[in-house]
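The structure appears right after this line, and notes come after that.
In mature numbering (1 follows the signal peptide of the UniProt record, and there is no 0), the protein residues as written are -20 to -1, 1 to 316.
If you want it as structure tokens, here you go:
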């Protein structure tokens, strides 16, 4: 074999060995240096001679130096996330880096962590968009990117994750519509989208989310009407739609949501009467301020612990709990 060919093959072998030698210790060292580990609130044993399984926030596979959980939330991590830490990290399942001051973009290498189940990057200063390739993480159960500076749209590809129970994208600058494809993510239990710049309707396909416990789209620019399909959400406890441009009437089908406790509809363009069918829900709180509500009220409303309908113009007589109004039960009309 020619000397040149030998050199080439030795070089290739060297590259393979280098790539294969990305130990978990090396991954963690990259993270420590990129996020000013010397300034962390707690960096006990980091970069020391002890096994990495003794380092603060690190949980390993029993008997091995393979990290399964990394919990560094509330720990003053400051800097950007290094791609080298996450590339093809096969053993990592749970990643908690929330409530720090991380900046930069979310590294695309996080989409190559095949067994990732929990990803929490909330309450940082991350920017950029949500990578569409996160849809390939087939074991992901919870994805929290809330309270950052993320922009762009919510990728439809996320609907491919059939194991996910929680998406938390609130308090960013996301735009566009909620993907209708999310209606096929039937494992979903909580969907936090409040305080963004989302537009469009609430997808009728959400009626398929039979495990959904919470839907929060408050403080966006959403329009259209409340779809009657919400009546299929029998497990839903919180329906939070305040502060949008939603119009039309309150659908009577909400009364089929037997476990509904919190109904927050205020500051929209909703009008009409409150359906009598709502008495079948298990409401504890009903917020309807700044709506164009009219009609009569039934005494069932008095079983709701807290409600408020400022700006409503209900007919007299009012339920006994509203005349006069109290701090927790306010029908809007001052007296009859």
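The beta-carbon is built from N, C-alpha and C at its ideal position, and this holds for glycine as well.
For residue i, the three-state DSSP class (helix, strand or coil)
i           : result
residue 208 : helix
residue 40  : strand
residue 1   : With a pLDDT of only 46 at residue 1, under 50, the local geometry of the prediction cannot be trusted, and the value read off the model is given with reservation. In this structure, residue 1 counts as coil in the three-state DSSP scheme.
residue 303 : coil
residue 148 : strand
residue 225 : coil
residue 283 : helix
residue 163 : helix
residue 171 : strand
residue 111 : coil
residue 71  : coil
Whether residue i touches residue j by CB criterion (8 Å)
i           : j           : result
residue 185 : residue 211 : no
residue 107 : residue 90  : no
residue 146 : residue 179 : no
residue 150 : residue 196 : yes
residue 61  : residue 87  : yes
residue 294 : residue 268 : no
residue 118 : residue 133 : no
residue 230 : residue 202 : no
residue 16  : residue 53  : no
residue 213 : residue 192 : yes
residue 271 : residue 250 : yes
residue 93  : residue 69  : yes
Contacting residues, own chain, Cβ-Cβ under 8 Å from residue i (five flanking each side not counted)
i           : result
residue 165 : 138, 139, 141, 142, 144 and 189
residue 104 : 77, 78, 79, 80, 81, 82, 83, 127 and 128
residue 265 : 241, 242, 243, 244, 284, 285, 286 and 287
residue 216 : 192, 193, 194, 195, 210, 237, 239 and 240
Residues near residue i by beta carbon distance below 6 Å, same chain, minus five either side
i           : result
residue 65  : 7, 10 and 11
residue 135 : 110 and 112
residue 99  : 75 and 123
residue 222 : 198, 244, 246 and 247
residue 252 : 229
residue 292 : 273 and 312
Environment of residue i [buried if 16+ CB atoms lie within 10 Å]
i           : result
residue 41  : exposed
residue 172 : buried
residue 312 : buried
residue 237 : buried
Beta-bridge partners of residue i, as assigned by DSSP
i           : result
residue 100 : 76 and 124
residue 250 : 228
residue 177 : 155
Cβ neighbours of residue i in the same chain (closer than 7 Å, five flanking residues each side left out)
i          : result
residue 31 : 45
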